[in-house]
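Below you'll find the structure, written out as structure tokens, and then a few comments.
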Amino acid sequence: MNRQLNGEELQGSTFEELQKLEDKLERGLIRVSKTKDERIIKQISTLKRKVQSLANEQRQSSESIIICNSSDHPPQDYCESTSDTSLKLG
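Counting from 118, one number per residue, gives the positions in the sequence shown under this note's numbering.
What follows is the structure, encoded as structure tokens:
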């Protein structure tokens, strides 16, 4: 049967055997397609979470920059304890 799935040894096959082989190939193709779709959807979901996380980090960094550069002069230890990704201007 494996050789037939590869398109080999089909000469002596009956019409019914060829139809069964075609059905088996179609079911396999559908299964592969579904698996591929599920993996792509999972990757997209993972990437969306990463984008959201990076956006949150960027927002927090921007807030740290604003706070540390405000005219109210926050405590020095606050600015020193902010994320390593924040910039200290001024």
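Built from N, CA and C at the ideal position, the CB exists for glycine as well.
Taking the alpha-carbon positions, what's the residue i to residue j distance?
i: Lys-167; j: Ser-181; result: 21 Å
i: Gly-207; j: Ile-184; result: Because the pLDDT at Gly-207 is just 47, under 50, the model does not fix this residue reliably, and the value given afterwards should be weighed accordingly. Distance between the alpha carbons of Gly-207 and Ile-184 is about 12 Å.
i: Arg-156; j: Asn-173; result: 26 Å
i: Ser-200; j: Thr-163; result: At Ser-200 the pLDDT is 48, less than 50, meaning the model places this residue with poor confidence; the figure from the coordinates comes in the next sentence. Near 24 Å, if we compare the C-alpha coordinates of Thr-163 and Ser-200.
i: Gln-177; j: Glu-139; result: 57 Å
i: Gln-136; j: Lys-165; result: 43 Å
When DSSP labels each residue in this structure, what does residue i get in the three-state scheme?
i: Gly-145; result: helix
i: Ser-178; result: helix
i: Ser-162; result: helix
i: Leu-127; result: coil
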